[in-house]
Structure formats: structure tokens, C-alpha cells
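Everything in the sequence shown is counted per my numbering, starting at 1 for the first residue and increasing by one.
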Amino acid sequence: MNSETAVIQKFLGAFIVALASALVLSGPVAATPAKEAPWLPEAAAYRLTLFLGNLEPLPWDDVGTAWAEPYRGSEFSVGALAWLDGNSDIGPAPLLDAITREDRQAVFAEATRLIARRIDEELDRAVMADDPARAQQAVRTARELYRSFADGIAAADPDASRRIGLAWLELNSSTGSAGVLGAGATPASRKTMEAAREVISLYLAENYLVDDFAPRRTLSALPETVVLSGRTIEVPPSLPPGSDIFDQDPLPRLVLNFEEQGIDETDLPLVAYGDMLFDSAQIFGNPAQGLGVACSTCHNRSDVNQRLFIPGASHQPGAIDVDGAFFNPIFNDRRDDPIDIPSLRGLRFTGPYGRDGRFASLRDFTRNVIVNEFGGDEPTPFMLDALLAYMLEFDFLPNSMLTPDGQLTEAAPEAAQRGEAIFNTPFAALGDRSCSSCHVPDTNFLDRQAHDIGSVALAYDGARTGAMDTPTLLGTVYTAPYFHDGSLPTLAAVVDWFDESKSLGLTGAERADLTAYLETVGAADEPYEAFDAENTAFRLAFSELTTFASTLDTLLPQRDAKHILLLTDTVAADLSADASTMSNLAARPEVYALAQRLAEVGDAVRTDDWVAAETSWTAFKSEADAIEERAF
Numbered sequence: 001m002n003s004e005t006a007v008i009q010k011f012l013g014a015f016i017v018a019l020a021s022a023l024v025l026s027g028p029v030a031a032t033p034a035k036e037a038p039w040l041p042e043a044a045a046y047r048l049t050l051f052l053g054n055l056e057p058l059p060w061d062d063v064g065t066a067w068a069e070p071y072r073g074s075e076f077s078v079g080a081l082a083w084l085d086g087n088s089d090i091g092p093a094p095l096l097d098a099i100t101r102e103d104r105q106a107v108f109a110e111a112t113r114l115i116a117r118r119i120d121e122e123l124d125r126a127v128m129a130d131d132p133a134r135a136q137q138a139v140r141t142a143r144e145l146y147r148s149f150a151d152g153i154a155a156a157d158p159d160a161s162r163r164i165g166l167a168w169l170e171l172n173s174s175t176g177s178a179g180v181l182g183a184g185a186t187p188a189s190r191k192t193m194e195a196a197r198e199v200i201s202l203y204l205a206e207n208y209l210v211d212d213f214a215p216r217r218t219l220s221a222l223p224e225t226v227v228l229s230g231r232t233i234e235v236p237p238s239l240p241p242g243s244d245i246f247d248q249d250p251l252p253r254l255v256l257n258f259e260e261q262g263i264d265e266t267d268l269p270l271v272a273y274g275d276m277l278f279d280s281a282q283i284f285g286n287p288a289q290g291l292g293v294a295c296s297t298c299h300n301r302s303d304v305n306q307r308l309f310i311p312g313a314s315h316q317p318g319a320i321d322v323d324g325a326f327f328n329p330i331f332n333d334r335r336d337d338p339i340d341i342p343s344l345r346g347l348r349f350t351g352p353y354g355r356d357g358r359f360a361s362l363r364d365f366t367r368n369v370i371v372n373e374f375g376g377d378e379p380t381p382f383m384l385d386a387l388l389a390y391m392l393e394f395d396f397l398p399n400s401m402l403t404p405d406g407q408l409t410e411a412a413p414e415a416a417q418r419g420e421a422i423f424n425t426p427f428a429a430l431g432d433r434s435c436s437s438c439h440v441p442d443t444n445f446l447d448r449q450a451h452d453i454g455s456v457a458l459a460y461d462g463a464r465t466g467a468m469d470t471p472t473l474l475g476t477v478y479t480a481p482y483f484h485d486g487s488l489p490t491l492a493a494v495v496d497w498f499d500e501s502k503s504l505g506l507t508g509a510e511r512a513d514l515t516a517y518l519e520t521v522g523a524a525d526e527p528y529e530a531f532d533a534e535n536t537a538f539r540l541a542f543s544e545l546t547t548f549a550s551t552l553d554t555l556l557p558q559r560d561a562k563h564i565l566l567l568t569d570t571v572a573a574d575l576s577a578d579a580s581t582m583s584n585l586a587a588r589p590e591v592y593a594l595a596q597r598l599a600e601v602g603d604a605v606r607t608d609d610w611v612a613a614e615t616s617w618t619a620f621k622s623e624a625d626a627i628e629e630r631a632f
């Protein structure tokens with residue numbers, strides 16, 4: 001056995017923790033995603049196969065890679081094929097043949113049968129094991145493989161899900177124990193193990209080991225008997241192994257124009273409501289909504305989430321294809337063209353919008369994101385007003401080495417000052433223009449135009465698809481990689497690209513000076529949030545969420561049920577989810593109770609009981625004030 005099997009022993013505990021966290025939440029999905037337990041290599045490959053198999057066009061190379069290599073972030077150093085070779089007697093040849101033939105239905109069938117056989121193989125090992133430790137290890141492995149099917153069974157056949165869940169518990173408790181130094185040893189109960197194993201294996205045989213699966217329009221882990229019944233089943237959306245939609249660390253500092261002027265967000269209800277919407281998955285359709293994906297998932301605190309990654313939709317961390325098949329199939333442009341996530345800092349200065357500048361209006365751009373890219377319902381005028389009011393407050397990070405009109409201060413290093421001269425020098429190869437012709441220093445280092453600099457491969461001869469909106473250079477030290485596709489890892493690489501592709505003829509020293517200038521322009525005095533024992537990330541979240549809730553002082557008197565429910569559903573779920581990150585464990589129950597109080601406001605509004613809604617809202621404010629100091 002590969003030594004990495006020891007990793008499996010951590011899986012069950014991690015799975016239970018994740019399950020417990022999920023059970024705390026009820027109702028709408030929080031925009032704070034829960035971390036998932038690790039996956040065994042073959043289970044990960046199977047889940048990736050299901051996910052990739054539902055993309056159109058289907059990325060066949062990625063399907064092959066899913067089985068050949070470890071998934072991104074895997075705790076195992078080998079992929080599923082190597083893992084199977086060292087840990088199983090089941091060969092993958094039929095599956096590999098189906099992948100080679102690019103037969104989607106056959107790949108689904110062979111992959112499904114392979115996982116089901118692996119579960120049975122581990123159950124055989126558990127029943128036949130000659131000592132409790134080996135039996136327990138085999139049961140753990142089998143149960144982790146069963147995760148491949150678990151969500152499909154739970155959604156489509158909850159009774160069977162409960163029966164199988166009990167069978168797993170019986171297996172775990174009947175493997176026996178070696179005791180401590182021989183004392184307290186208990187023998188395995190073979191009869192109980194075999195009975196529990198039969199429950200699981202029989203269900204696998206009927207649903208996942210069939211000879212001919214019904215054709216699947218959507219690949220999923222639904223049981224075959226349910227598929228044949230014709231019932232419509234909603235399986236909660238999920239991301240494949242290797243995905244990462246969590247906040248970046250360290251957390252970027254958010255600079256808001258009104259805050260810098262000493263204005264409290266609670267005094268700006270339209271801005272505060274827009275802030276809430278920016279963090280709300282409820283404004284999108286599924287799968288984004290069910291996954292907790294919000295505007296802030298990609299643009300957390302107006303910046304770039306450089307860790308975001310979804311297999312099949314991202315070619316590298318910090319990039320996403322928002323017009324592919326996953327988020328909104330009707331908007332699928334059938335092009336594999338993920339883009340590097342842009343920063344939203346200084347948004348009021350950076351129009352037109354979109355990497356290629358196709359939207360002159362931020363309002364139109366925002367609606368396109370909600371409705372077309374992420375399949376949400378048509379936003380109300382109030383929602384768009386609020387979102388724009390909030391986003392237009394995004395400011396650039398303060399930089400003491402730069403004046404407001406884009407000139408270097410005395411604090412800038414000498415190399416940057418030499419680089420500034422190069423930045424402003426016209427080059428014949430650039431049509432007698434300079435870097436500053438497009439990145440104009442006194443207009444935030446942009447010109448509000450789109451240019452084709454040759455960084456985009458043309459889609460066809462004569463295509464005019466290469467023009468990209470000029471990006472600002474402010475804050476760029478913290479937004480790597482660069483260009484629309486994130487193809488250049490550093491600012492030095494950007495300088496090299498221009499020098500080589502445009503034949504600028506810079507010396508090595510000049511390249512270094514120009515890079516120093518870009519790094520100085522793109523720097524910031526305090527780019528990240530600073531936390532300590534009590535000034536925690538949760539305290540920041542608590543302050544934000546209670547600020548969002550403060551808009552109820554405006555919405556409740558207006559009896560604005562639609563926008564109230566959007567707020568209570570979002571904030572109550574997020575407050576409950578974020579409570580799990582608290583350092584002050586003693587105050588955690590109070591935060592859960594506070595979240596429930598806000599949910600009560602929504603419940604009352606749904607029944608048109610405005611008196612009860614006002615009562616719960618008053619109680620929420622009082623309780624929030626009472627626990628504020630302990631909310632860390």
C-alpha cells in the first residue's frame with residue numbers, strides 16, 4: 001500500500017466537521033462558502049469527470065488529466081490512475097478507452113462502475129480483514145469513495161440515504177478494537193458487518209453497477225432507478241475537487257471614498273444596501289446562488305481574488321470564464337476564454353467596463369453580470385441604484401510615493417525616477433507614442449480607450465478582436481498576473497514583453513528602471529487589513545453585516561417586502577456562517593441567536609406581520625449593541 005494511505009485517516013474527521021458546519025445553516029445559502037473535506041484520488045477524478053462532462057464544448061483533455069494527475073490542492077502526490085495501480089485490483093482500461101473515443105455516455109458509465117466496484121472492493125477488504133485496524137481503514141476508504149454518490153442519493157432517495165447512513169455507522173461500530181496494549185480488545189462482529197455491507201452493496205448493484213445506464217443529458221451521481229422513474233430531481237450545485245472560491249489571504253484593504261471623509265455607512269442606506277448586494281449570492285441564479293458565489297467572491301473588498309479557481313472555468317488561479325457553460329448555459333459563447341479578474345478599485349474613473357471596454361455604462365455592465373453571466377433575475381431599479389452607489393465609492397489605495405496627478409514624490413526610489421523618464425519617452429516602434437500616451441499619469445494612468453497591442457491571438461484572419469481596455473496602473477503590485485488572460489506573472493515580465501514584441505531596444509538597466517517605476521506607481525502604503533487577537537476578521541465581518549442590516553430602518557417603514565427579504569435572507573445566513581470563524585467561542589451562541597433574530601424579521605415580513613417584524617428588528621439592534629465588544 002502507498003504510504004499516503006495514512007492521509008485517509010484524517011478524512012472522516014474532516015468530513016464530520018464540514019457536515020456539522022453545514023447543519024448550522026438553514027434556509028438561503030450563505031455567501032460564505034464552507035470548506036470541503038479532501039477527496040480520495042479516484043473519487044476526485046470521478047467528480048471532476050461529472051463536472052467537466054456537463055461543459056459544452058466538453059474539454060476532453062481536462063477529463064484525461066483529471067484521471068492522470070492529482071487534482072489541484074490534493075493531499076496526494078499521484079493521480080487516480082497511479083493510485084488505482086498501487087491500491088486496487090480494478091483496472092481502468094474500459095474508462096481510458098471511452099475517454100480516448102470521446103464517448104461522453106461511455107465515460108460516465110465506466111467511471112461510475114469503477115467507483116462502485118472500488119467501494120465493494122474496500123468493503124470486501126473490511127469484512128475479510130484479520131485485525132480491527134485494517135477493517136477500520138477499509139471502511140473509512142469505502143465511505144470516502146461513497147461520497148462520490150452521496151449527494152445524488154440524498155437528493156433523489158432520502159430514505160435510501162438514511163438506510164445507507166445507518167449501515168455505515170453499523171460497519172464502523174462492528175469492526176472490533178485492538179484495545180490498548182491488548183487490554184479492552186473486542187472482536188469484530190462479522191454478522192453485523194456483512195448485513196450492513198449488504199445494504200450498501202445491494203444499492204450499488206441496483207443503481208451504479210448496471211450494465212446499461214440510461215442516457216444522461218446532465219451527468220450526475222443520481223441513482224439509476226430514480227433516473228429511470230423520470231422524476232425531476234434538484235441536486236444542490238457543487239464545485240468539483242480542486243476548486244477554490246475562498247477569500248484571499250492576506251485580506252485586501254477596502255478604501256471607500258465616504259469613509260475617508262469621515263462619513264459612517266449607516267448614514268448612507270443606499271450605499272449600505274448596495275454593499276449588502278455586492279456580498280449577496282441571492283442576486284444570482286443557480287449554480288452561483290447555491291454555491292454562495294457573489295460579486296465579492298471575485299472582487300473581494302473591490303480587489304482581485306487571486307486564489308479563485310474552478311476547474312473547467314479557470315485556466316489558472318485568479319481567472320474565470322464567465323460566459324462559458326457552467327454559470328448560465330444560455331449565455332455560453334462556446335469559447336474557452338477565461339479572463340484575469342480585474343480590480344474594481346477607483347471604478348468611477350475606469351470606464352468603459354469589461355476587459356475589452358464593451359460597456360460604456362456601469363449600470364448596463366452590472367445588469368449584464370447579474371442576468372447574463374450569472375443567470376439571476378432582472379434586478380430592480382433600486383438594486384442597480386444601490387449597487388452603483390456602493391461601487392462608485394471604491395477608491396484607489398493611498399500611495400505616498402505618488403501625487404494625485406500621477407507624479408512621483410521624493411519618497412520614490414531613484415530607479416523609479418529614472419524609469420519615469422523612460423515611461424514618458426516616445427518610441428518610434430510605438431508610433432512615436434510613449435507608455436504614458438495610453439497610461440496617462442494625471443488621469444489615473446488610463447485613457448478610457450481600447451487598443452490592440454498584439455496581446456490577443458486573433459480568432460480568424462482580419463478579426464478585430466484584439467483591442468483591450470487600457471487598465472490603470474494604480475495598485476497593480478497586488479493584482480498579478482497581468483494582461484487580460486493573466487499570461488504575464490510580474491511587472492518585469494510586462495516590461496520584457498513590450499521591449500521584445502515592440503523592439504524598443506531597452507538595455508537591461510533601462511528595463512530594471514522602468515520596472516521599478518511601475519512597481520512604485522502600483523504600490524500602496526497599507527494594502528492589507530491588519531488583524532490582531534481582538535480585531536479579527538470576524539469583527540470586521542460583524543461590523544459589515546450589522547451595517548447592512550441597518551438599512552431596515554429605511555426599508556421597514558416603507559413596507560418594502562422584496563428588498564427586506566433579500567437583505568434578511570442574505571445577512572442572517574452570512575452571520576450564522578461567519579460565526580464559525582470566531583475567536584471568542586463563548587460569544588458564538590449569541591451571534592447564532594442574533595442571526596436567528598434577523599431571520600425572524602424576514603419570517604414576519606413573509607406573513608405580512610409588520611408589527612412582529614418591527615419588534616424583532618428592535619430586538620436585533622439591542623442585542624447587536626450588547627454583544628458588539630465580544631464579537632471577535
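Beta carbons: idealized from backbone N, C-alpha and C, even for Gly. Since we're looking at a predicted model, the values are computed, not measured.
query: Compare the C-alpha of Gln449 against each of Tyr146, Gly351, Ala66, Phe309 and name the closest.; result: Gly351
query: Which ranges would you report for the alpha helix (DSSP H) in the stretch 283-308 if only whole runs of at least 4 residues count?; result: 288-291, 295-298
query: Suppose only complete runs of 4+ residues qualify. What are the alpha helix (DSSP H) ranges in the stretch 74-141, listed by chain order?; result: 80-87, 93-101, 104-128
query: Using a threshold of 8 Å, state whether the C-beta atoms of Asp377 and Phe309 are closer than that.; result: no
query: Would you report the Cα separation of Ala421 and Glu75, rounded to the nearest angstrom?; result: 49 Å
query: May I ask you to report which of helix, strand or coil DSSP gives Ser501?; result: helix
query: Taking all protein chains shown into account, do 16 or more other C-beta atoms lie within 10 angstroms of the C-beta of Leu567, making it buried, or fewer, making it exposed?; result: buried
query: In whole angstroms, what is the alpha-carbon distance linking Tyr353 and Val227?; result: 44 Å
query: Report the residue ranges of all alpha helix (DSSP H) runs contained in full by the stretch 153-239; include only those spanning at least 4 residues, in chain order.; result: 158-173, 190-207, 224-229
query: Within this structure, are the beta carbons of Gly152 and Val235 separated by less than 8 Å?; result: yes
query: I'd like to confirm something about Arg117: is its beta-carbon nearer than 7 Å to some heavy atom of the ligand GTP, or not?; result: Summarising the ligand content, the structure contains no ligands, and the ligand GTP is consequently not present.
query: Going by other Cβ atoms of all chains shown within 10 Å of its Cβ, with 16 needed for buried, is Ser361 buried or exposed?; result: exposed
query: Going by the beta-carbon positions, is the gap between Ala160 and Tyr203 smaller than 8 Å?; result: yes
query: For a test of the three-state rule: what should DSSP assign to Thr615, helix, strand or coil?; result: helix
query: Taking only the alpha-carbon atoms, compute the straight-line gap between Asp321 and Arg511 and give it to the nearest angstrom.; result: 33 Å
query: Could you work out which residue in Ala183, Ala205, Ser148, Ser173 is closest to Lys191 when comparing CA atoms only?; result: Ser173
query: For Ala389, collect the residues of the same chain with a Cβ closer than 6 Å to its Cβ; drop the 5 residues on either side in sequence, then sort them by chain order.; result: Leu270, Val271, Gly274
query: In the DSSP assignment, what are the bridge partners of His451?; result: Met468
query: Cutting at 7 Å between CB atoms, please list the residues of its own chain near Leu23, excluding the five before and the five after it.; result: Since pLDDT at Leu23 reaches only 34, below the 50 mark, its modelled position is unreliable, and the value read off the structure follows with that caveat. There are no such residues.
query: Who pairs with Ala319 in a beta bridge, going by DSSP?; result: Asp340
query: State the start and end residues of the unbroken alpha helix (DSSP H) segment that holds Trp67.; result: 60-68
query: Can the beta-carbon of Gly375 be found less than 8 Å from the beta-carbon of Asn328?; result: yes
query: Just how far apart, CA to CA, sit Glu623 and Val369?; result: 36 Å
query: Exposed or buried, which one is Ala116 when buried takes at least 16 other CB atoms within 10 Å?; result: buried
query: Apart from the five residues just before and just after Thr515, which ones in its own chain have a Cβ nearer than 6 Å to its Cβ?; result: Leu491, Ala492, Val495
query: State the Cα-Cα distance for the pair His299 and Ile341, rounded to the nearest angstrom.; result: 8 Å
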